[in-house]
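Q: One structure follows; several queries about it will come next.
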Amino acid sequence: MKEEPQRHFELSRFGEPATLVLLALASGPMHGYTMMVSIEKDLGFKLGPGTLYGAIAKLLKLGLIRALESDNRTKPYEITSEGREALAEFIRQWEPAIRFGQARLA
Amino acid sequence: MKKLRWSALYPLAWRKEFGDEFDAMVEMSGVTWREAVDIIRHALRLRCSSAVRGLPFLGAWLIVAWLNVFAREVQWPAGALVLTAFIWSIWHRERWLRNTLVLFCSIPISSLYYYQIPGIHHEPLYKTAVALIPAFFGAGMGLLMAPGKPPSEMRKLQ
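Chains as they are written, first to last, in our numbering: chain A, 1 to 106; chain B, 1001 to 1158.
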């Protein structure tokens, strides 16, 4: 039975693959391979195929991303408004901690 | 030689949803030993979680088998079959037929004990025939009660 999208999201640990996928998709729809390349090139994290698709499945279940129609084997995904909201909330939560850390290390 | 499909390592439900695109992505990116370990690790994790989800069903199966061996009356296993098939069809309506048949198999398999344990005097074949009716009855009722899609749409899922 398919689970209902959850209202309250928990993106959990910083650097978690699901967060990286949301960050990549924030710039526009992508399929698995372009997502993997973007995460490595833009964010500096290398995700394996299993980890990436584990994150995609989790985000689909939470309703934070959606699959788009495709004519070929590669299926693009896009971030939903709930996904944007969850990502913005995650960044808001971590921003002070990152600023604090940067100030302490400076 | 047939090309290796990495998605074959994953459970069927996952393959149906992501199999093709996953293989396409792996073909594009290529697989080093590091990626292979990552794929195998996640596939194993999913396989294990599928197995854990099957544990309640295994429990129900064992209870029905146990009842068949030890219950004096046929009503007990029949009642257990109705209830288990009913609940199972509500929760996993797309697998109702397979689950009902597997559940039904607990009757003849458990009846093997009939020939090994002295002092148990049941009629396993009789029970086997009778058990088919409540198992399907329970599954049918469960399907009718299943929220969401009507039974006509259920057939497409088989």
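Where a beta carbon is used, it is the ideal one built from N, C-alpha and C, also for glycine.
Mind listing which residues of the stretch 68-97 of chain A have their C-beta closer than 7 Å to chain B's C-betas, in chain order?
A: If the cut-off is 7 Å between Cβ atoms, the stretch 68-97 of chain A has R73, T74 and K75 near chain B.
Q: Go to R66/A, then tell me how far its beta strand (DSSP E) extends in each direction, as first and last residue.
A: To locate residue 66/A, count along the first sequence from 1; it is residue 66. Per DSSP, R66/A belongs to the beta strand (DSSP E) from I65 to A67.
Q: Determine the DSSP secondary structure at Y77/A, reduced to helix, strand or coil.
A: Taking the first sequence and counting its residues from 1, the one referred to as residue 77/A is at position 77. Y77/A falls in the strand class under three-state DSSP.
Q: On the CB-based measure, 16 or more other CB atoms within 10 Å of its CB, does A106/A come out buried or exposed?
A: Residue 106/A sits at position 106 when you count from the first residue of the first sequence. So A106/A ends up on the exposed side.
Q: Could you check whether M1141/B and Y33/A sit closer than 8 Å to each other, using their CB atoms as the reference points?
A: Along the first sequence, read from residue 1 onward, the residue named residue 33/A stands at position 33. Along the second sequence, read from residue 1 onward, the residue named residue 1141/B stands at position 141. No, Cβ-Cβ distance for Y33/A and M1141/B is not below 8 Å.
Q: Measuring CB to CB, does L43/A end up less than 8 Å from L87/A?
A: Taking the first residue of the first sequence as 1, we reach residue 43/A at position 43. Taking the first residue of the first sequence as 1, we reach residue 87/A at position 87. Not a contact, by the Cβ cut-off of 8 Å.
Q: Use the C-beta contact count for I39/A: other C-beta atoms within 10 angstroms, 16 or more gives buried, fewer gives exposed.
A: For the purposes of this step, residue 39/A is taken as residue 39 along the first sequence, with counting starting at 1. Buried, because 16 or more other Cβ atoms sit within 10 Å of the Cβ of I39/A.
Q: Could you pull out every residue in the same chain whose Cβ sits closer than 7 Å to the Cβ of E78/A, ignoring the five residues on either side in sequence?
A: Taking the first sequence and counting its residues from 1, one reaches residue 78/A at position 78. Hits under 7 Å: L25, P29, I65, R66 and L68.
Q: Please determine, among L1083/B, V1031/B and L1097/B, the residue with the shortest C-alpha to C-alpha distance to G1138/B.
A: As a position in the second sequence, residue 1138/B is number 138, starting the count at 1. Among L1083/B, V1031/B and L1097/B, the Cα nearest to that of G1138/B belongs to L1083/B.
Q: Could you tell me which of T80/A, E82/A, G50/A and A97/A sits nearest to E1021/B, measuring between CA atoms?
A: Reading the second sequence from its first residue, position 21 is the one you call residue 1021/B. Of the listed residues, the one whose Cα sits closest to E1021/B is G50/A.
Q: Select from V37/A, G48/A and M36/A the residue whose C-alpha is nearest the C-alpha of R1041/B.
A: Counting from one through the second sequence, the residue named residue 1041/B turns up at place 41. Selected option, being the one with the closest Cα: G48/A.
Q: With a threshold of 7 Å on Cβ separation, who are the neighbours of I1039/B within its own chain once the five nearest residues in sequence on each side are excluded?
A: Mapped onto the second sequence, residue 1039/B falls at position 39. Correct list, in chain order: W1006 and L1009.
Q: Around the Cβ of Q89/A, are there at least 16 other Cβ atoms within 10 angstroms (buried) or fewer (exposed)?
A: If you number the first sequence from 1, residue 89/A lands on position 89. According to the sequence provided, residue 89/A is Glu. The question's Gln does not apply to it. Under this definition E89/A is an exposed residue.
Q: Could you work out which residue in I1090/B, A1080/B, S1049/B and L1143/B is closest to G1059/B when comparing CA atoms only?
A: Numbered from its first residue, the second sequence carries residue 1059/B at position 59. The shortest C-alpha separation from G1059/B is found at A1080/B.
Q: Check each candidate in E1035/B, L1044/B, C1048/B and R1047/B and name the one with the smallest Cα separation from L52/A.
A: Within the first sequence, numbered from 1, the residue matching residue 52/A stands at position 52. When only C-alpha atoms are compared, the closest one is E1035/B.
Q: At a CB-CB cut-off below 7 Å, which residues of chain A make contact with A1024/B?
A: Within the second sequence, residue 1024/B is the residue found at index 24, counting from 1. Near A1024/B (Cβ distances below 7 Å), the residues of chain A are R73 and T74.
Q: Cα-Cα, which of G1030/B, P1011/B and A1085/B is closest to I1063/B?
A: Start at 1 with the first residue of the second sequence, and residue 1063/B comes out as number 63. Of G1030/B, P1011/B and A1085/B, the residue nearest in Cα terms is A1085/B.
Q: Give the single residue among L1143/B, T1032/B and D1023/B whose Cα lies nearest to the Cα of K46/A.
A: Residue 46/A sits at position 46 when you count from the first residue of the first sequence. Among L1143/B, T1032/B and D1023/B, the Cα nearest to that of K46/A is on T1032/B.
Q: In the DSSP output, what is M30/A paired with across the bridge?
A: Taking the first residue of the first sequence as 1, we reach residue 30/A at position 30. Bridge partners of M30/A: Y77/A.
Q: Would you mind telling me which residues of chain A sit closer than 7 Å to R1043/B, beta carbon to beta carbon, in chain order?
A: Here residue 1043/B refers to the residue found at position 43 when the second sequence is read from its first residue. Per the sequence presented here, residue 1043/B reads as Ala, with Arg not at that position. In chain order: G50.
Q: Tell me the rounded alpha-carbon separation between L1101/B and L20/A.
A: To locate residue 1101/B, count along the second sequence from 1; it is residue 101. To locate residue 20/A, count along the first sequence from 1; it is residue 20. So the alpha carbons of these two residues sit roughly 44 Å apart.
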